[in-house]
Amino acid sequence: MNRIRTAVVCAAAFAVVAPLSACGDMASGAVGPEHGQPGHVMLAAATVAGVGAVVTDASDKTLYRFDKDMSQPPTSTCDGQCAATWPPVLAGEAPPMLKGIQDTQVGTLTRKDGSKQLTLNGWPLYEFSGDKAPGQANGQGVNGTWFAVAPDGSKITAPAAAGS
């Protein structure tokens, strides 16, 4: 009889603890795609010569923000041809991995097409199709409205490095 009671108590304890430990895994980002796998997004602080500390993606490409967007509420105004030149940074299946970026600063917005775009301090994030290699910031200052984004979400107003 005592063995049955012990087994029941152990089973009950397991039923309570197992879901809690699973929630802990989800909160720490352990559930979902592995680093570098499809569905995984990374935002990292890096330094680009002549521009300074910027946010980059998993491919070390500089990320940008657009002055015609809004941060409150987060709103993207870059669609169609604009989005072809300035591809939005889309959210992955799991929370993004962050390096040198505050997780409380990262969010998402829903674009007109229904996709989820990452934001930093409310500002929608974009890549620039003219950046062909890591460390480039060819989009810096384009049309006086596109700027590399700093790790805190602010725009960087430094001119792009020559030849970047």
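In case it helps, mature numbering (1 follows the signal peptide of the UniProt record, and there is no 0) puts the sequence shown at residues -22 to -1, 1 to 142.
Glycine included, C-beta positions come from ideal geometry on N, C-alpha and C.
Note that the structure is predicted; figures quoted are calculated from it, not measured.
For G30, the residue or residues it bridges with in DSSP
V26
Are the beta-carbon atoms of L68 and V84 separated by less than 8 Å?
no
Just verifying my parser: in three-state terms, what is the DSSP assignment at V118?
A quick correction: the sequence has Gln, not Val, at residue 118. In the three-state reduction of the DSSP assignment, Q118 falls in the coil class.
Just to confirm, are P112 and S54 a CB contact at a threshold of 8 Å?
No. Outside cutoff.
In angstroms with no decimal places, state the Cα-to-Cα distance between residue 147 and G117.
The requested residue 147 does not occur in the structure, where the chain is confined to residues -22 to 142.
Using 8 Å as the threshold, is the C-beta distance between A22 and T34 below it?
yes
Grab the span of the alpha helix (DSSP H) containing T63 for me, first residue to last.
Counting along the chain, the alpha helix (DSSP H) containing T63 begins and ends at Q59 to T63.
Nearest to A126 (by Cα), restricted to the options M20, A36, H18 and V32:
V32
Alpha-carbon to alpha-carbon, E105 and S93
16 Å
May I ask you to list the residues that DSSP assigns as paired with K90?
Paired residues: none, contrary to the question.
Backbone CA spacing between D79 and M20 [nearest angstrom]:
Residue identity check: residue 79 is Ile in the sequence provided, not Asp. I79 and M20: Cα-Cα distance of roughly 10 Å.
When we look at the beta-carbon of D47 and count the other beta-carbons within 10 Å, is it buried (16 or more) or exposed?
By the Cβ-count criterion, D47 is buried, with 16 or more other Cβ atoms from all chains shown falling within 10 Å of its own Cβ.
Less than 7 Å between C-beta atoms, sequence neighbours within five positions excluded: which residues of the same chain meet that for G58?
none
How is T40 classed by DSSP in three states: helix, strand or coil?
The DSSP-derived three-state label of T40 is strand.
Within 8 Å, strictly: CB atoms of R89 and P66:
yes
Alpha carbon to alpha carbon, how far is K77 from N121? Give it in angstroms, no decimals.
30 Å
Indicate the three-state DSSP secondary structure (helix, strand or coil) for T123 in the structure shown.
coil
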